[in-house]
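Working notes, beginning with the structure itself.
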Amino acid sequence: MLLSIAKKSKEFQDALAKFNKPGQIIHGLTNSAKSFLLASHLEESKRPILFLTQTSNESQTYFQEVSNLSSKPVYYFQCQEISPYDQINTDLMVFSKQLEIFEAWQSGEASLTVIPFKSFAQLYINKEILDSKSFSFNKKESLNPNELASKLIEL
């Protein structure tokens, strides 16, 4: 209901139109505004969307907020937690959920997957590829968001 009210606003439609380009970076908004924009985009989308976050806590927050706002599937892609003192065992529940998400992606259904970067890098980026595609930046220098998006997409 909240989404249908917002969609009537010209300003919101303009913001959503700018957001509909591939490889967009969302910055300058509060987390709740990002969730609202994601839910709106998801409702209009006809394909899977991947939303990369910095931390697991941030991913869980976006997952919960967008799930409450959208009627389409929203997934949280968990990472495998490995303790240096335990033997490395794959958590079957986490693995099962990850497979469910991959199946949803393959089906091409419109959905949103919220994934912390740790999960993304932990299991699916080969070290040689990561080394060849790595880049660095200095926090004292300005960073072009479009250039950053392009580099992340190349990963």
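Residue numbers (numbering that gives the first Met the number 0): 0 to 154. Even glycine gets a Cβ: it sits at the ideal position worked out from N, Cα and C.
- Between Val65 and Gln77, the C-beta gap is not smaller than 7 Å, which leaves the two residues out of contact.
- CA-CA distance, Leu91 to Leu98, rounds to 10 Å.
- Sequence-distant partners of Phe134 (beyond 5 residues in either direction) whose C-beta falls short of 6 Å from its own C-beta, in its chain, are Lys150.
- When beta bridges are read from the DSSP output, Phe50 appears opposite Val113.
- Under the DSSP assignment, Lys96 falls in the alpha helix (DSSP H) whose first and last residues are 91 to 106.
- Cα atoms of Glu140 and Ala120: separation of roughly 25 Å, rounded to the nearest angstrom.
- Non-local C-beta neighbours of Pro144 in its own chain, meaning closer than 8 Å and more than five positions away in sequence, comprise Ile24, His26, ordered along the chain.
- Closest option to Ala109, judged by alpha-carbon separation, among Lys9, Glu10, Arg46, Asp130: Arg46.
- Distance from the CA atom of Lys6 to the CA atom of Leu49, rounded to whole angstroms, is 22 Å.
- Between Leu2 and Ser31, the gap from beta carbon to beta carbon reaches 7 Å or more.
- Judged by DSSP secondary structure, Lys33 falls within the alpha helix (DSSP H) whose first and last residues are 30 to 43.
- Cβ neighbours of Ser58 within its own chain (closer than 7 Å, five residues either side excluded): Thr52, Tyr75, Val113, Ile114, Pro115.
- Across the structure, Phe62 and Val73 are spaced so that their CA atoms are roughly 7 Å apart.
- Excluding the 5 residues flanking it on each side, Ser70 has same chain C-beta neighbours closer than 8 Å at Glu42, in chain order.
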